[in-house]
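Structure record follows, encoded as structure tokens.
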Amino acid sequence: MKSIVCKTFNKPFTHSIGKSLIIPRSNLQITCFPAKLFLHLLDEEKTLVAEIDLDIQGPVKEFTWEVDLHNNWANLHFLTQEAPVSLRFIISQQALKIICRRSAKEGVKLNVSSKGFLNKAVSAYSLAKGEETLLCFSSMEVYEDSGQARLFLGSLKKQNLDQMKEREDIKEWLPLFFTYASLCKEKEQGMQALCYKELENAGNNELNESFFNLFKVHFKDFFSPSFFDSYFQNIQTKNDKVLQGLSHVSLLSSLYPLILNLFINFEGKKKLCILPKVPPQIPSGKLIGLKISSEISISIQWSKKKLRQVEIYCHEDVRFTLGLSKAIKSFRIFSKAKTKAQIISADKPIEFCKNTRYFLDRFTS
Numbered sequence: 008m009k010s011i012v013c014k015t016f017n018k019p020f021t022h023s024i025g026k027s028l029i030i031p032r033s034n035l036q037i038t039c040f041p042a043k044l045f046l047h048l049l050d051e052e053k054t055l056v057a058e059i060d061l062d063i064q065g066p067v068k069e070f071t072w073e074v075d076l077h078n079n080w081a082n083l084h085f086l087t088q089e090a091p092v093s094l095r096f097i098i099s100q101q102a103l104k105i106i107c108r109r110s111a112k113e114g115v116k117l118n119v120s121s122k123g124f125l126n127k128a129v130s131a132y133s134l135a136k137g138e139e140t141l142l143c144f145s146s147m148e149v150y151e152d153s154g155q156a157r158l159f160l161g162s163l164k165k166q167n168l169d170q171m172k173e174r175e176d177i178k179e180w181l182p183l184f185f186t187y188a189s190l191c192k193e194k195e196q197g198m199q200a201l202c203y204k205e206l207e208n209a210g211n212n213e214l215n216e217s218f219f220n221l222f223k224v225h226f227k228d229f230f231s232p233s234f235f236d237s238y239f240q241n242i243q244t245k246n247d248k249v250l251q252g253l254s255h256v257s258l259l260s261s262l263y264p265l266i267l268n269l270f271i272n273f274e275g276k277k278k279l280c281i282l283p284k285v286p287p288q289i290p291s292g293k294l295i296g297l298k299i300s301s302e303i304s305i306s307i308q309w310s311k312k313k314l315r316q317v318e319i320y321c322h323e324d325v326r327f328t329l330g331l332s333k334a335i336k337s338f339r340i341f342s343k344a345k346t347k348a349q350i351i352s353a354d355k356p357i358e359f360c361k362n363t364r365y366f367l368d369r370f371t372s
């Protein structure tokens with residue numbers, strides 16, 4: 008099962024000045040203005056660790072601040088009176104790498120003011136096209152990229168965040184939250200309780216409203232988390248605010264299992280539930296390349312509120328039952344190793360062989 012949208016999408020952007028985003032695979036947040044960047048660590052206190060001044064001549068045009076969740080980097084673009092400027096921000100080991108992609112001939116001058124988290128209090132850099140520098144933060148959290156699953160729910164609209172907020176379409180937001188959260192998997196059960204209580208108890212028809220209430224209170228800009236209603240909207244949620252000792256990034260990371268459980272739930276490694284809680288607002292979609300355990304990888308596709316295709320790859324010999332819709336009585340299963348297809352009863356346990364890819368379709372009632 009292939010997805011043509013993986014590389015094209017998952018690239019939200021904004022043309023608004025002063026927006027914050029988290030650099031993928033880290034707890035480092037950058038708030039971006041044309042001539043100044045503020046760097047915060049999303050720990051309990053949201054610590055300011057550095058400020059970067061860009062020596063440019065304003066005003067600027069075509070300001071764009073974007074994050075690429077496929078390649079795990081952020082890009083800043085704008086036009087000055089002298090030349091276009093383009094900078095890329097990416098995590099490299101325990102450091103933030105800044106790469107100059109476009110600039111005037113003399114380069115872009117960066118003045119970095121540390122807040123006690125870098126070796127030097129003030130550092131100056133001049134980056135010409137193709138040059139880069141590293142800012143090392145010993146206290147920065149860096150998360151592994153263990154291979155991202157891709158979620159696509161049918162929206163092909165441009166991912167302009169300002170316009171997405173006006174549309175409030177859950178089909179646009181869930182894939183971005185799912186991917187972003189998968190890149191900062193910080194496990195903190197207290198924050199999971201904070202997120203889960205409101206959303207897990209919501210019925211399928213209430214999920215859309217509950218999700219956006221949570222989003223408006225606890226997130227802003229590029230999924231930048233906040234413990235409290237920083238926009239003072241007086242939106243009432245039912246969360247237990249047990250926040251002591253928790254980091255801000257945990258609010259984002261704990262959305263990953265919550266969103267995943269809408270589409271896949273592996274109960275005790277004996278029953279694999281597929282599309283157990285998909286709300287009616289999501290009639291079609293794909294979840295591709297999900298590794299649900301050390302033994303099993305899965306991809307699923309559904310349309311018109313019906314399961315269409317499942318692809319399962321097993322790294323070991325395993326046996327489990329599929330948890331499908333009650334309306335499904337049987338399905339077809341085949342593999343490249345065994346070309347002859349079989350019709351299987353939906354409630355029958357299945358033996359999956361090691362290093363074999365299985366295809367399931369023709370789900371019938």
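If you read the sequence shown in our numbering, its first letter stands for residue 8, the second for the next number, and so on. Built from N, CA and C at the ideal position, the CB exists for glycine as well. Predicted, not measured: the structure shown is a model, and the values here were computed from it.
- Here the stretch 222-233 lies against the stretch 17-35, with 3 or more beta-carbon pairs under 8 Å apart.
- A distance below 8 Å between beta-carbons, with the five flanking residues on each side excluded, links GLU139 to the following residues of its chain, in chain order: LYS104, ILE105, ILE106 and CYS107.
- In terms of Cβ geometry, ILE271 and ASN215 do not form a close pair [threshold 9 Å].
- For PHE159, the secondary structure class from DSSP, reduced to helix, strand or coil, is strand.
- Residue burial annotation: LYS278 is exposed, with fewer than 16 other C-beta atoms found within 10 angstroms of its C-beta.
- With contacts defined by Cβ atoms closer than 9 Å, GLN155 and LEU76 form a contacting pair.
- Taking the Cα positions, LEU125 is about 22 Å away from PHE40.
- In the structure shown, PHE222 falls within a helical segment according to DSSP collapsed to helix, strand and coil.
- A residue is called buried when at least 16 other Cβ atoms come within 10 angstroms of its Cβ; CYS321 meets this threshold and is buried.
- SER257: not part of any beta strand (DSSP E); member of the alpha helix (DSSP H) spanning 256-260, first to last residue.
- With a threshold of 16 other beta carbon atoms within 10 Å, LYS293 meets it and is buried.
- Between LYS311 and the set TRP80, LEU160, TRP72 and PHE366, the nearest pair of CA atoms involves LEU160.
- Residue environment analysis places GLY123 among the exposed positions, since fewer than 16 neighbouring C-beta atoms fall within 10 angstroms of its C-beta.
- For SER342, the closest alpha carbon among the candidates GLU151, ILE357, LEU55 and PHE366 is that of PHE366.
- In the structure shown, PHE184 falls within a helical segment according to DSSP collapsed to helix, strand and coil.
- Within the DSSP bridge table, the entry for HIS84 names THR71 and SER93 as partners.
- Residue state for SER110 is assigned as coil, using DSSP reduced to three classes.
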